[in-house]
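Numbering (the working numbering), first residue to last: 1 to 328.
Idealized CB from N, CA, C, for every residue including glycine.
Below: one structure, written as structure tokens.
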Ligand code: HEM
């Protein structure tokens with residue numbers, strides 16, 4: 001419910017409909033149109049998928065770290081498997097919804113798309129830029145690595161389709177570099193999520209959790225917070241991307257800004273940043289600390305080193321039989 005209302009409001013600020021301006025005031029004329037505005041279905045679905053993926057990767061990552069640290073239990077293995085399967089199902093849906101979301105943005109906020117894609121001048125057959133340094137002085141992309149025609153193909157379904165450039169929105173487009181980079185971070189995380197979750201599910205068909213490659217488990221642990229990174233990057237694209245407007249095409253951010261002294265704003269912002277950085281570091285350390293402790297109520301694990309044969313009559317216990325004892 002909370003996601004519904006937040007996303008409905010935010011989407012309306014991106015694609016405002018169902019209102020009229022009377023004496024400089026925005027008056028609602030159609031509440032249903034406002035609630036279910038044109039970008040709402042995409043944003044709502046994309047955000048719900050993002051939350052599911054964030055939860056899946058934190059559970060998978062923490063569980064993988066427990067296996068690496070050898071404090072895992074049967075519950076850890078169940079959690080890891082469930083999270084991997086959930087992520088493997090959610091991520092293709094997220095990529096598909098993301099693609100539809102982009103097409104909707106092209107229709108309603110073409111300047112945002114031009115910034116995301118780094119298209120400075122309107123062009124046909126626009127390339128997809130994998131890496132570049134968008135330079136606002138020269139209005140061009142430095143050191144660009146690009147694949148010809150792919151941006152046009154994705155956005156217009158025609159390799160020679162036309163993409164409007166930032167030149168068409170002089171003074172009315174967002175700052176390019178943060179939108180361009182945030183978009184690549186979000187999509188990059190999405191691609192890593194696809195790779196790791198699908199590879200994990202493939203591994204699970206052949207192996208138990210304890211016999212998964214250590215390198216894979218470490219990579220999965222490194223992805224524990226990837227959902228947050230992708231989500232924050234996504235919001236950067238969305239919110240920086242609607243600049244200079246606060247309600248797209250209706251009111252600019254400058255018109256709504258309170259007249260506070262720059263020093264006061266700088267101080268408040270610094271205080272917020274310091275608080276959130278402190279909370280973030282504390283959170284990561286607490287999660288790391290908890291994930292390195294054995295699960296409460298679990299019997300201690302058997303030693304990892306192979307137990308020597310005591311007598312000719314006893315079978316030796318090696319690390320692979322330890323894996324099975326762990327209850328996979
Ligand atoms: C991999 C392919 C992806 C594509 C093509 C994609 C596409 C998009 C687009 C076009 C927007 C901005 C639209 C706008 O503001 O008008 C957006 C925003 C966003 N993205 Fe993605 N995205 C992808 C992956 C992800 C992933 C993996 C996550 C998180 C786990 C994510 C989370 C978000 C969030 C939270 C927003 C801001 C809310 C919204 O506007 O929907 N995205 N995405």
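Cβ pair residue i, residue j closer than 8 Å
| i | j | result |
| --- | --- | --- |
| residue 166 | residue 114 | yes |
| residue 233 | residue 182 | yes |
| residue 111 | residue 169 | yes |
| residue 225 | residue 58 | yes |
| residue 36 | residue 28 | no |
| residue 243 | residue 175 | yes |
| residue 14 | residue 39 | yes |
| residue 395 | residue 17 | Outside the displayed range of the chain (1 to 328) lies residue 395, so it cannot be described from this structure. |
| residue 204 | residue 223 | no |
| residue 68 | residue 221 | yes |
| residue 155 | residue 100 | no |
6 Å CB neighbourhood of residue i in its chain, flanking five on each side removed
| i | result |
| --- | --- |
| residue 130 | 145 |
| residue 149 | 125, 159 |
| residue 186 | 230, 233, 234 |
| residue 245 | 252 |
| residue 83 | 56, 59, 60 |
| residue 240 | 174, 178, 179 |
| residue 8 | 35, 40 |
| residue 264 | none |
| residue 139 | 120 |
| residue 26 | 19 |
Any chain C beta carbon closer than 8 Å to residue i
| i | result |
| --- | --- |
| residue 237 | In summary, chain C is missing from the structure at hand, where a single protein chain is found. |
Sequence-distant residues of the same chain with beta carbon closer than 7 Å to residue i, five excluded per side
| i | result |
| --- | --- |
| residue 53 | 87, 90, 91, 94, 193, 227 |
| residue 153 | 159 |
| residue 164 | 110, 114, 122 |
| residue 237 | 116, 179, 182, 183, 186 |
| residue 6 | none |
| residue 11 | 37, 39, 40, 43 |
| residue 292 | 69, 71 |
| residue 269 | none |
| residue 212 | 203 |
| residue 30 | 18 |
| residue 157 | none |
Beta-carbon contacts of residue i that lie in its chain and below 8 Å, excluding the five residues immediately before and after
| i | result |
| --- | --- |
| residue 326 | Low confidence applies to residue 326: its pLDDT is 42, below 50, so where it sits in the model is not reliable, and the reading given next is rough at best. Answer for residue 326: 72, 73, 74, 77, 210, 301, listed in chain order. |
| residue 97 | 42, 45, 46, 49 |
| residue 132 | 118, 141, 142, 143, 144, 145, 146, 180 |
| residue 135 | 141, 142 |
| residue 190 | 91, 94, 95, 98, 230 |
| residue 128 | 117, 146, 147, 150, 151, 154 |
Residue range of the beta strand (DSSP E) that includes residue i
| i | result |
| --- | --- |
| residue 146 | 140-147 |
| residue 245 | 245-247 |
| residue 133 | 128-135 |
| residue 19 | 19-22 |
| residue 25 | 25-28 |
Range covered by the alpha helix (DSSP H) that runs through residue i
| i | result |
| --- | --- |
| residue 1 | First-last for residue 1: undefined, no H or E at that position. |
| residue 259 | No alpha helix (DSSP H) holds residue 259; DSSP gives it neither H nor E. |
| residue 81 | 74-108 |
| residue 157 | Here residue 157 belongs to no alpha helix (DSSP H), and DSSP marks it neither H nor E. |
| residue 173 | Neither: residue 173 is in no alpha helix (DSSP H) and is coded neither H nor E. |
| residue 57 | 40-68 |
| residue 31 | 31-35 |
Below 8 Å, how does it come out for the region 54-73 and the region 216-225: are there three or more Cβ pairs, yes or no? yes
Report yes or no: do the region 241-256 and the region 184-201 share at least 3 C-beta pairs separated by less than 8 Å? no
Would you list, in sequence order, the uninterrupted alpha helix (DSSP H) runs of no fewer than 4 residues that lie entirely inside the region 202-229? 214-222
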